[in-house]
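Below you'll find the structure, written out as structure tokens, and then a few comments.
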Amino acid sequence: IIIAGAAGITMGRGLVFPGTYTRLQSFQRSARRGIKIMIGIAPVIIMAGFIEGYLTRHTAAPPILRGGFILACLAFVLFYFVWYPRRKARAGFKEPIRDTSISADADQWINFSQIKSSGEIFSEVFVFFRRHAGQIVLAALFTAGLYTAAVFLSGTAPPAEQFIFADRIFGTAIALRQFFVNETIPFLPAINILCFSIMGYVVFRRLILEEQEGPRDGIVVGLIKMLIPMGVLQLLLFTNFLTLALLPAPVIWAYASLREGTNPVTALVRGISLISQSYSKVYGLFLILMLVGFLAFALADSTLAWFYLDLASWVILLEESAMQQFSAVFLAFITIFILYLVFAIILIGGGVLYYSLLEIKEAPALMERIKHIGQRRSIKGLEQE
Numbered sequence: 063i064i065i066a067g068a069a070g071i072t073m074g075r076g077l078v079f080p081g082t083y084t085r086l087q088s089f090q091r092s093a094r095r096g097i098k099i100m101i102g103i104a105p106v107i108i109m110a111g112f113i114e115g116y117l118t119r120h121t122a123a124p125p126i127l128r129g130g131f132i133l134a135c136l137a138f139v140l141f142y143f144v145w146y147p148r149r150k151a152r153a154g155f156k157e158p159i160r161d162t163s164i165s166a167d168a169d170q171w172i173n174f175s176q177i178k179s180s181g182e183i184f185s186e187v188f189v190f191f192r193r194h195a196g197q198i199v200l201a202a203l204f205t206a207g208l209y210t211a212a213v214f215l216s217g218t219a220p221p222a223e224q225f226i227f228a229d230r231i232f233g234t235a236i237a238l239r240q241f242f243v244n245e246t247i248p249f250l251p252a253i254n255i256l257c258f259s260i261m262g263y264v265v266f267r268r269l270i271l272e273e274q275e276g277p278r279d280g281i282v283v284g285l286i287k288m289l290i291p292m293g294v295l296q297l298l299l300f301t302n303f304l305t306l307a308l309l310p311a312p313v314i315w316a317y318a319s320l321r322e323g324t325n326p327v328t329a330l331v332r333g334i335s336l337i338s339q340s341y342s343k344v345y346g347l348f349l350i351l352m353l354v355g356f357l358a359f360a361l362a363d364s365t366l367a368w369f370y371l372d373l374a375s376w377v378i379l380l381e382e383s384a385m386q387q388f389s390a391v392f393l394a395f396i397t398i399f400i401l402y403l404v405f406a407i408i409l410i411g412g413g414v415l416y417y418s419l420l421e422i423k424e425a426p427a428l429m430e431r432i433k434h435i436g437q438r439r440s441i442k443g444l445e446q447e
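Oh and the sequence shown: position 29 is 91 in this note's numbering, straight run, nothing missing.
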């Protein structure tokens, strides 16, 4: 718990003390460092959960057994977090620790012909998001409005009974499943698939325009191609475990189909072959994006949603029953809007990751550079006029 708190302090330090960077650039660096700490202690947290659930709850255990277990835990902590780091620091590393630098604002662009680490892709996700924030926010507002209207118009229960919001930190994040699986909304899967497809097409189209002139298919065909992968994503949302394990598949599948102009079946095979090139890179990136997205969603939704609701209640005077219905609609809109912004970040990460996996598998940029070897006239490495 103490080390997890240190990870949070490391992430927040970039916002409070940006130094010579902007706050966004500083947060990118500090977030990568903090998440590295969190990933490093994730197995320990899981193991601690099993220990708390199956051992320490037995208060009638013999004192010698409990004392021995406490000493064993203490020995592990001292070994793994005190002795071993000091030993590694003294012995040194075969390769220097890699910490991706932040480029100057004027030079920030996405290199589609380079194999990147998860940290570099994570940094480029926010570079792209900032450059196209206006269009992404507008798309999130449109899809959130479409979702809200479709859900409450097609629901079989009053708004206050369709969604339950807890007025506490992480309250909505804990109850996030109701936005994807809800018995009072018969057409909810179709609504989610449509909204996911619109959001995915807008984000992927902007990313493709960064690399080439545009998608090979028109808007209608592109949206239709989005429906099948996003439909699979909706099916995964019925089970939280499968969502975490298979989320990269529909994202890269959808991007491959739109970028290469292929049919969904061919794109599925293509996506699987790309993911198989580096499972560690794929799941490392998506784990970071989901962790950051979940924390951002939980904090923003818990703070902003209730703040704006209180603000609206001062301006709009309604009876108690009507205010409950209005609050449910308002909170649902704010929540799904923030959720779509987080979803956009995951889509951007999958799209940028696609190019690194493509370079690993086929090396198209490298092959193109090899073709031009010896064709340019240069003197000592400088191109001759």
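Ideal Cβ positions, reconstructed from N, Cα and C, are used throughout, including at glycine. As the structure is a prediction and not an experimental result, all values here were calculated from the model.
- The three-state secondary structure of Ser-216, taken from DSSP, is helix.
- Between the stretch 248 to 255 and the stretch 264 to 277 there are fewer than three C-beta pairs closer than 8 Å, too few to call the two in contact.
- Per the coordinates, the alpha-carbon of Arg-149 lies some 11 Å from the alpha-carbon of Phe-143.
- Straight-line spacing of the CA atoms in Ala-394 and Tyr-345 works out to 30 Å.
- When C-alpha distances from Val-331 are compared across Ile-314, Lys-343 and Leu-347, the shortest belongs to Ile-314.
- Counting C-beta atoms within 10 angstroms of its own C-beta, Leu-200 has fewer than 16 neighbours from the protein chains shown and is therefore classed as exposed.
- For Pro-291, the number of other beta carbons within 10 angstroms of its own is at least 16, and it is reported as buried.
- For the pair Gly-96 and Ile-198, the Cα-to-Cα distance works out to about 27 Å.
- Counting other Cβ atoms within 10 Å of its Cβ, Val-189 reaches 16 or more and is therefore classed as buried.
- As the crow flies, the alpha-carbon of Glu-430 is around 26 Å from that of Gly-181.
- In this structure the stretch 78 to 91 does not lie against the stretch 335 to 353, because fewer than three pairs of beta carbons, one per stretch, are closer than 8 Å.
- With the rule of 3 Cβ pairs closer than 8 Å, the stretch 200 to 214 counts as touching the stretch 257 to 266.
- The alpha-carbon of Leu-415 is positioned some 19 Å away from that of Leu-403.
- In summary, Ala-151 is exposed, with fewer than 16 beta-carbon neighbours lying within 10 Å of its beta-carbon over all protein chains present.
- Taking the Cβ atoms as the reference, Leu-409 lies roughly 4 Å from Val-265, within the contact range of under 8 Å.
- A check of alpha carbon separations from Ile-396 across Thr-72, Ile-281, Tyr-209 and Leu-250 identifies Tyr-209 as the nearest.
- Boundaries of the alpha helix (DSSP H) around Tyr-417: 382 to 423.
- Counting only residues of its own chain and dropping the five nearest sequence neighbours on each side, Pro-326 has a CB closer than 8 Å to the CB of Lys-287, Ile-290, Pro-291, Trp-315 and Ser-319.
- Inclusion of Val-391 and Phe-214 in the CB contact set at 8 Å is warranted, their separation being smaller than that value.
- The residue from Ile-101, Phe-141 and Ile-108 with its alpha-carbon nearest to that of Met-352 is Ile-101.
- Of the residues Phe-399, Ser-389 and Ala-110, the one whose Cα lies closest to the Cα of Leu-136 is Ala-110.
- Annotation: the stretch 175 to 213 contains the following complete segments of the alpha helix (DSSP H) (minimum length 4 residues), in chain order: 180 to 193.
- 8 Å or more divides the Cβ of Leu-299 from the Cβ of Leu-308.
- For the pair Val-187 and Ile-378, the CB atoms are not nearer than the 8 Å cut-off.
- Listed in chain order, the alpha helix (DSSP H) runs fully inside the stretch 64 to 88 are 64 to 78, counting runs of at least 4 residues.
- Closest option to Ala-311, judged by alpha-carbon separation, among Gly-284, Val-283, Ser-340 and Leu-285: Ser-340.
- Around the Cβ of Arg-321, a 10 Å sphere holds 16 or more other Cβ atoms; the residue is buried.
- Inclusion of Ile-398 and Phe-242 in the CB contact set at 8 Å is not warranted, their separation being larger than that value.
- Rounded to the nearest angstrom, the Cβ distance from Ile-183 to Gly-333 is 17 Å, too far for a contact under 8 Å.
- Counting of Cβ neighbours within 10 angstroms places Phe-141 among the exposed residues, the total staying below 16.
- Secondary structure of Trp-171 (DSSP, three-state): coil.
- Annotated as proximal: Ile-65 and Ile-99, with beta-carbon spacing under 8 Å.
- In the three-state DSSP reduction, Pro-426 falls in the helix class (H, G or I).
- If you check the CB distance, Ser-342 and Lys-423 do not come in under 8 Å.
- Secondary structure at Gln-224: helix, using DSSP grouped into helix, strand and coil.
- Cβ neighbours of Pro-220 within its own chain (closer than 7 Å, five residues either side excluded): Gln-387.
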